[in-house]
Amino acid sequence: MGMRNDRVSKTAWRWERADIQTRLMMRWASVLGLGLLGCGRAPLEVCNCAEGHGVVINEVCSCLALLPSTPNPAGAREFDLQGGAEPDWAAIDGALATGDVVVRFAPGDAWERLRILRTDEGPHRLVLDGGGGAERATVAGILTPFDEGPRHRITIRGFEITGSPDKGVFWEAGDDILIEDVVIHNNRGTPALNLEYSNRSGYPSTGFVVRNSHIYDQRGECLYIGGAEGMDQDSHRDVRIENNLIHDCWAADTKHDAINVKDRLSDVRVERNVVLRSDWGIEVASPGIYRNNLVMATVREGVQVSDAFSPIRDMVFEGNVVVRPGHDGFHIATDRASAPGLKLRDNWVVGARKAGVLLGSGAGMDVTIENMVILDSAVAFDGWGDEAVVDVVDCQTSGNEEDFSRLLAEAGPCTTAEPVDVTTIAGPDGQFFTADDPIVMQE
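In our numbering, each residue's number is its place in the sequence shown (first place is 1) plus 9.
So this is what it looks like as structure tokens:
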């Protein structure tokens, strides 16, 4: 089905849409409560969960349970650190020459910024362990040295990372990096967690994983994976962002996204993350699978796809839920010629102040939308442009001011969906991604 241009009564259309958005904002203010409205400076309250990370939403402690942790290597040599003592990097390098190493930082103790000074480039893994759980070792920033080359095969686990004068975690480059079960908050620099652009470091990294972590109250971006910055070269490969709770990324400008995956990466998977109160919830510019993410209360788009640095291709958005985005649920706009392979399957949008799905094409696109549910939004499907092929296999709607506007002239109607109450988004048990959630994600 081709998109169509609709230039008739544009001024009237804008006034009508503004009125719709105002009414929707008032509706969601009463449904979601002041705690989830907008992105004001005051962060949501953090709460304690038995085995995971929690945030208070509408006066309910909502918990993201940890997935099974990655075990430490068997037979590793162990070093214990207490009282803010610096690691003995010469001794650690010496031990890594013959085997794996675990450095344990005493829970409850505090360290200044931790510089990762491993120079051994052998096959063994270094684990830096802050304990995890209710009492963690605290460190004011973790970083690899700038412009000194990659640091490989390192696990960062169990720390509370706060009070840094710059970023919470900065990684210039390195293969087989695992950042797991860390709590990052109230650091002064942006992003809170950053893998550097490969064109700047000169090293495309392979195997960068962030999982089971809690990132919040960040001035600027929260989790940022740099790419090739528009250069015609391959960037990082095998990037995993899994089962993280990310919220309250804020700034005076619009540079405060929760998850940002830049251009020319390959083998990307962003799965099972809970994101709320940021500018864009998830911004992506690389091929990959973006699956089972819950995005809520963004200033602008829930999921933003753009081709500023490279053409859009081979992206799969599956089983994601976007609740009350300030603009569109899914915003996909292209100015470059885009390759096929853009698929939206089994996604939900509830309460978009603009469009559930917006597709804009200045150079053509090929998109498949399958089993899309859009509720209580200004318009379900919107967009612009010629030369676009949009195939809607199935759609379900209810409570929208309109279903189709300027897009999919020959599509519709959608079947009627049952209303959904998302006031308690984690369900009666207060656990995300369980069977009692108001919207149960596909497994």
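All C-beta atoms in this analysis are idealised placements derived from N, C-alpha and C, irrespective of residue type, glycine included.
All values reported here derive from a predicted model rather than from experimental measurement.
Between the segment 227 to 243 and the segment 313 to 331 there are three or more C-beta pairs closer than 8 Å, enough to call the two in contact.
With a beta-carbon spacing of about 10 Å, I193 and V219 fall beyond the 8 Å limit used to define contacts. Under the criterion of beta carbons closer than 8 Å, V110 and L90 do not qualify as touching, at roughly 12 Å. Between the segment 81 to 97 and the segment 193 to 202, the count of Cβ pairs shorter than 8 Å is below three; the stretches do not touch. Along the segment 73 to 131, the alpha helix (DSSP H) occurs as fully enclosed runs of 4 or more residues at 98 to 105, listed in sequence order.
Per DSSP, N269 is not a residue of any alpha helix (DSSP H); the beta strand (DSSP E) it occupies stretches across 268 to 270. For secondary structure counted as the beta strand (DSSP E) over 3 or more consecutive residues, the segment 171 to 211 holds these complete runs in sequence order: 178 to 180, 186 to 189, 192 to 194, 202 to 204. Taking the Cα positions, V112 is about 50 Å away from K363. By the Cβ-count criterion, E189 is buried, with 16 or more other Cβ atoms from all chains shown falling within 10 Å of its own Cβ. When the Cα atoms are used, W289 and A119 turn out to be separated by approximately 33 Å. With contacts defined as CB atoms closer than 9 Å, R333 and V366 fail to qualify as a contacting pair.
Around the beta carbon of E427, a 10 Å sphere encloses fewer than 16 other beta carbons of the protein chains shown; the residue is thus reported as exposed. The three-state reading of DSSP puts D226 in strand, counting E and B together.
Three or more Cβ pairs closer than 8 Å define a contact, and the segment 146 to 161 falls short of that threshold against the segment 100 to 108. DSSP places V218 in the strand class (E or B) of the three-state scheme. The C-beta distance from I268 to V277 rounds to 11 Å, too long to meet the 8 Å contact threshold. Rounded to whole angstroms, T432 and W98 show a C-alpha spacing of 50 Å. Assignment of beta-bridge partners to T424 by DSSP yields Q405.
Following the DSSP letters along the chain, one finds M381 inside the beta strand (DSSP E) bounded by residues 381 to 384. Here the C-alpha atom of N356 lies approximately 24 Å from the C-alpha atom of H265. DSSP, read as helix, strand or coil, puts C56 in strand.
Distance from the Cα of T343 is smallest, within the candidate group V330, M374, V284, for M374.
Annotation: D184 to G297 spans about 19 Å, alpha carbon to alpha carbon.
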